[in-house]
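Adding 7 to a residue's 1-based position in the sequence shown gives its number in my numbering. Virtual Cβ for every residue (Gly too), placed ideally from N, Cα, C.
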Amino acid sequence: MNEIVLSGIRSTGNLHLGNYLGAVQNFVKMQHAGNCYFFIADYHSLTTHPTPEDHHKSVKQVLVEYLAAGIDPEISTLYIQSDVPEISELFLLLNMNAYLGELERTTSFKDKARKQPENVNAGLLTYPVLMAADILIHHADKVPVGKDQEQNLEMARKFARRYNNMYGVDYFKEPVAYNFDKELIKIPGLDGTGKMGKSEGNGIFLADDEKTIRKKIMRAVTDSGPTIENSKMSESVNNLFTILKIVSSADTVEFFTGKYKTCEIRYGDLKKQLAEDVIKIIAPINSRIKDIYSNDEYLSRVARMGAEKARTSAAKTLKEVREIIGIRKFY
Ligand code: TYM
8 MNEIVLSGIR STGNLHLGNY LGAVQNFVKM QHAGNCYFFI ADYHSLTTHP TPEDHHKSVK
68 QVLVEYLAAG IDPEISTLYI QSDVPEISEL FLLLNMNAYL GELERTTSFK DKARKQPENV
128 NAGLLTYPVL MAADILIHHA DKVPVGKDQE QNLEMARKFA RRYNNMYGVD YFKEPVAYNF
188 DKELIKIPGL DGTGKMGKSE GNGIFLADDE KTIRKKIMRA VTDSGPTIEN SKMSESVNNL
248 FTILKIVSSA DTVEFFTGKY KTCEIRYGDL KKQLAEDVIK IIAPINSRIK DIYSNDEYLS
308 RVARMGAEKA RTSAAKTLKE VREIIGIRKF Y
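Right under this line is the structure:
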């Protein structure tokens, strides 16, 4: 039987290069091989309380960008989380076996609680349970994600195992975080520290035009340059090399690594090359975004088709899960 591949992205603003390289691109490469599900995690994005207008706009934008990035809705099941109510019910059932202590200890919860102390809601706490429901509802084997999602995948495996043990069944599979051709990756931001994120203001977006991309990369934080041969790179310069290694050819990487080692590197040249290689990836996607965005009829067809396909699979799982738990009808 074909493996089941599933991934998703929160609908909080435009997709950035990290989302694309960490998750979407992997998915696009895999979609012809298996039984693939890709969705927009719009419930997850409610933890930050967007306005109704912003919320809807973000969902549309992400749907458009998925399509522009090459997800084929005829081959994959492309859907919006809130169109599949079975996910919410599985979430409720899994919550009964998720414990406060383990949820409080997750890194992403601690991070969020620190970043938004005025809004530490229960949705943030149970975020990994909803994510497990997303994954387990379709019995996913592989979940293409970036490195930051590793812990959430570990939690999904834990909840799957716990359900199986609790009811003495071998029902849920244990999904793994996956990258198509290498290790899970973390694309750093352009501000010298931390990962590229939607809200950090350090990102390159699929919706950015060439000029914007060049400007952003030329302004990326660096240092004053190496003065001792073979010296260790600062975090900001190392970050640029991390992106270079993913988007550029081996020759290019070797060239600039050599120049760094011998202290001959000019960061301006490195950035120019990096910008061109990033543009090569983003420009074809970018050029499709506008057309798809204005085609409401197509988007509506895609969303309806995805919801129908996803609900068929989800309803089957939910029926079996309820039966195993002992939720049986009297009528
Ligand atoms: P989100 O929306 O934060 O990110 C979506 C995907 O992009 C990856 N990613 C990155 N990869 C590399 N470098 C980066 N700087 C970077 N930033 C983001 C993430 O690892 C992710 O794969 N909780 C998830 C959404 C979700 C989900 C799921 C994913 C909900 N349910 C079920 C997979 C399966 C999230 O917030 O991702």
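Return the bridge partner residues of residue i from the DSSP annotation.
| i | result |
| --- | --- |
| Ile16 | Ile47 |
| Tyr86 | Phe46 |
| His23 | Phe212 |
| Ile3 | Residue 3 lies beyond the stretch modelled for the chain, which goes from 8 to 338, so this question has no answer here. |
Out of the options, point me to the one whose CA is closest to residue i's CA.
| i | options | result |
| --- | --- | --- |
| Leu97 | Ile47, Val136 and Asn126 | Val136 |
| Leu24 | Gly210, Lys122 and Thr133 | Gly210 |
| Phe212 | Val244, Ile286, Ser243 and Pro92 | Ile286 |
| Ser256 | Ser243, Gly15, Lys323 and Ile288 | Ile288 |
| Phe34 | Val150, Glu60, Ser65 and Tyr274 | Val150 |
| Glu207 | Asp198, Leu13 and Glu283 | Asp198 |
| Asp141 | Gly15, Lys202 and Leu131 | Gly15 |
| Met203 | Asn26, Ser95 and Val12 | Asn26 |
| Val176 | Arg17, Glu330 and Leu13 | Glu330 |
| Phe166 | Gln158, Gln68 and Ala139 | Ala139 |
| Lys193 | Ser115, Gly153, Phe337 and Ile220 | Gly153 |
| Asn104 | Arg169, Lys119, Thr259 and Ile334 | Arg169 |
| Asp284 | Ile82, Asn245 and Thr259 | Thr259 |
| Ser89 | Gly232, Arg226, Phe337 and Asp49 | Asp49 |
| Asn245 | Leu13, Thr200, Ile47 and Arg311 | Thr200 |
| Leu110 | Glu271, Ala129 and Leu251 | Ala129 |
| Pro195 | Ile253, Ala147 and Leu277 | Ile253 |
| Leu70 | Ile296, Glu327, Lys218 and Glu60 | Ile296 |
| Ser52 | Glu10, Asp61 and Asp155 | Asp61 |
| Ser301 | Arg17, Lys223, Lys64 and Thr55 | Lys64 |
| Pro57 | Tyr86, Gln32, Arg17 and Cys43 | Arg17 |
| Glu157 | Tyr185, Ile272, Asp276 and Pro80 | Tyr185 |
| Tyr73 | Thr319, Lys323 and Ala310 | Ala310 |
| Ile299 | Pro59, Glu161 and Lys67 | Lys67 |
| Lys323 | Met225, Gln123, Ala227 and Val91 | Val91 |
Give the DSSP-derived three-state secondary structure of residue i in the structure shown.
| i | result |
| --- | --- |
| Phe248 | helix |
| Pro182 | coil |
| Val35 | helix |
| Ile94 | helix |
| Met103 | coil |
| Phe337 | coil |
| Pro80 | coil |
| Val69 | helix |
| Ser294 | helix |
| Ser301 | coil |
| Asp329 | Before going on, a small fix: residue 329 reads as Arg here, not Asp. Note: Arg329 maps to helix in three-state DSSP. |
| Val136 | helix |
| Arg112 | coil |
| Val309 | helix |
| Ile142 | helix |
| Pro57 | coil |
| Asn126 | helix |
Would you mind giving the Cβ-Cβ distance between residue i and residue j, rounded to the nearest angstrom? I have them listed as a contact below 8 Å.
| i | j | result |
| --- | --- | --- |
| Phe187 | Lys279 | 29 Å between Cβ atoms; not a contact. |
| Asn171 | Phe179 | 6 Å |
| Glu236 | Lys268 | 6 Å |
| Ser241 | Asp230 | 4 Å |
| Glu93 | Ile144 | 6 Å |
| Ile78 | Asn42 | With 8 Å as the limit, Ile78 and Asn42 do not qualify as a contact, their Cβ atoms being about 14 Å apart. |
| Ser134 | Thr54 | At residue 134 the sequence reads Tyr, which differs from the Ser that was named. Confirmed, about 7 Å. |
| Pro182 | Leu160 | 6 Å |
With a threshold of 8 Å between beta-carbons, can residue i be considered close to chain C, or not?
| i | result |
| --- | --- |
| Gly210 | Although the question refers to chain C, the structure presented lacks it and comprises just one protein chain. |
Would you mind listing the beta strand (DSSP E) stretches within the segment 148-215 that are 3+ residues and don't spill past its ends, in chain order?
149-151 and 183-185
Curious, which full-length alpha helix (DSSP H) runs of at least 4 residues does the segment 210-290 contain?
217-225, 242-254 and 257-268
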